[in-house]
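What follows is a single structure, written as structure tokens, with notes after it.
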Amino acid sequence: MGALAEDKQAHRKDGVELPFKVKTATTIFGGSNACIGADGYAVPGADTAGLIFQGVATSQVVNAGASGAKTVVLRRRGVFLMELATPITIANVGDNVFLADDQLVDLTANVINNIYCGIIAEYVDTTHAWIDIDPAIQHAAVATHIADAAGAHAASAISLADAGQLTASATVEAVVAEILVKCPVTIADPGNAGAIPVTRSGNCAITSAGAETRTLAIPGVAGIELALSMDVDGGDAVVTVASAINQAGNNTITLNDAGDTVVLKAVKKAGALIWRVVVNDGATLSTV
Numbered sequence: 006m007g008a009l010a011e012d013k014q015a016h017r018k019d020g021v022e023l024p025f026k027v028k029t030a031t032t033i034f035g036g037s038n039a040c041i042g043a044d045g046y047a048v049p050g051a052d053t054a055g056l057i058f059q060g061v062a063t064s065q066v067v068n069a070g071a072s073g074a075k076t077v078v079l080r081r082r083g084v085f086l087m088e089l090a091t092p093i094t095i096a097n098v099g100d101n102v103f104l105a106d107d108q109l110v111d112l113t114a115n116v117i118n119n120i121y122c123g124i125i126a127e128y129v130d131t132t133h134a135w136i137d138i139d140p141a142i143q144h145a146a147v148a149t150h151i152a153d154a155a156g157a158h159a160a161s162a163i164s165l166a167d168a169g170q171l172t173a174s175a176t177v178e179a180v181v182a183e184i185l186v187k188c189p190v191t192i193a194d195p196g197n198a199g200a201i202p203v204t205r206s207g208n209c210a211i212t213s214a215g216a217e218t219r220t221l222a223i224p225g226v227a228g229i230e231l232a233l234s235m236d237v238d239g240g241d242a243v244v245t246v247a248s249a250i251n252q253a254g255n256n257t258i259t260l261n262d263a264g265d266t267v268v269l270k271a272v273k274k275a276g277a278l279i280w281r282v283v284v285n286d287g288a289t290l291s292t293v
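Sequential numbering of the sequence shown, starting at 6, is according to our numbering.
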């Protein structure tokens, strides 16, 4: 069928109450919070991954038959008096609540799977509140955004429009990760015979207590910059690199005195990541 060429009969319903087919071997009690599972059948509300809250049951339904043999009517709009599994205060008015089971609701910090069922509209006492379920019904996908109480509406859920084609990443979180690895930080000296981290830009200030060694693998990311410096000179520090760091083929850096510094840049050669020296102040470069 294509676009209309004449009037049509438009069928509608208010949607305040809607029927849902009940899953096999399931009892849904009247007045309980109910959900649908991944298969689309109604089940009692629970703090179970994959459930989506659909409303409050208007009556009890016992389905001893096959899935879909019985139907439960759920009220999908309104403000309901509900019991909290964990005590609240009046300061929680406006907070999101989530299913603890088919009767109890709770704050995000006290549940596991964040099955969103509404907001606290009115405080009654420490274990009771009026819950507005409309937001949960209208925005069922919010559960995805607030699945992590510490990262509500996390950057991983925000897509990125990249008109300049500056990145291959599709989310803000991934782009931030790209940027952060190239922001210089303090990189801890791993100590004698330790491996210097190669995953982000920064300064590794080396302290030696005698003749010591360090190792440096190939860079983890193109474009990062690593500064190796002798902070406290207790003896020469010899850094062995996994591949050549210049056109001469040197793969060993010896920091002899306090203040000796080598700055390396991660670049690609023949498609492979390598280090290249961009600054050398005092260090000895050699080939082993």
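C-beta: ideal position from N, C-alpha, C; glycine also.
Query	Result
Near Ile5, what residues of its chain come up, given a Cβ to Cβ distance below 8 Å and the 5 sequence neighbours on each side ignored?	Past the boundaries of the shown model lies residue 5; the chain is included only from 6 to 293, so the question cannot be answered.
Give a yes or no on whether 8 Å exceeds the smallest Cβ distance from Phe34 to chain B.	Checking the listed chains, one finds no chain B in this structure; it contains a single protein chain.
Can you grab the Cα-Cα spacing for the pair Val177 / Asn256, in whole Å?	37 Å
In chain order, which alpha helix (DSSP H) runs of at least 4 residues are fully inside the region 174–218?	177–185
One question on the structure: do Gly50 and Asp107 come within less than 8 Å of each other, judged by their Cβ atoms?	yes
Going straight from the alpha carbon of Phe34 to that of Leu23, what length do you get?	16 Å
Could you name the residues of the same chain whose beta carbon sits closer than 7 Å to that of Ala222, not counting the 5 residues immediately before and after it, in chain order?	Ala200, Val203, Ala247
Within 10 Å of its beta-carbon, does Cys122 have 16 or more other beta-carbons around it, so buried, or fewer, so exposed?	buried
Please classify Pro24: does DSSP put it in a helix, a strand, or coil?	strand
Is DSSP giving Ile138 helix, strand or coil here?	coil
When we look at the beta-carbon of Ile95 and count the other beta-carbons within 10 Å, is it buried (16 or more) or exposed?	exposed
Output the distance between the C-alpha atoms of Ala10 and Phe103, rounded to the nearest integer angstrom.	47 Å
Taking the alpha-carbon of Ala288 as reference, which of Leu278, Ala275, Thr245, Ala271 has the nearest alpha-carbon?	Thr245
Alpha carbon to alpha carbon, what distance is there between Asn119 and Asp52?	7 Å
Got a sec? Which residues, its chain only, sit under 6 Å from Glu230 by beta carbon, not counting five neighbours each side?	Ser206, Lys270
If contacts are defined as beta-carbon pairs under 8 Å, then Val190 and Thr218 qualify, I think. What distance do you get, rounded to the angstrom?	Not quite, the Cβ-Cβ distance comes to about 23 Å (not below 8 Å), so this is no contact.
Could you name the residues of the same chain whose beta carbon sits closer than 6 Å to that of Val78, not counting the 5 residues immediately before and after it, in chain order?	Glu22, Pro24, Thr63
Find the nearest neighbour of Asp139 within the set Asn101, Asn115, Ala173, Ser174, judged by alpha-carbon distance.	Asn101
Starting from Leu86, trace the beta strand (DSSP E) in both directions and tell me its first and last residue.	84–89
Buried or exposed: which applies to Gly276, given that a residue is buried once 16 or more other Cβ atoms fall within 10 Å of its Cβ?	exposed
Report the option in Thr266, Thr220, Asn251 whose CA atom is closest to the CA atom of Asp238.	Thr266
Return the CA-CA distance between Glu183 and Asn68, expressed in angstroms with no decimal places.	52 Å
On a CA-only basis, which of Arg82, Pro195, Leu165, Ala8 is nearest Val181? Give me that one, please.	Leu165
Which whole-angstrom value describes the C-beta separation of Trp233 and Cys209, a residue pair presumed to lie in contact below a C-beta threshold of 8 Å?	Just to set this straight, residue 233 is Leu in the shown sequence, not Trp. The Cβ separation is near 5 Å, so the contact holds.
Please state the DSSP three-state secondary structure of Ala152.	Its pLDDT being 48, under 50, Ala152 is placed unreliably by the model, and the measurement read from it follows with that caveat. If DSSP states are grouped into helix, strand and coil, Ala152 belongs with coil.
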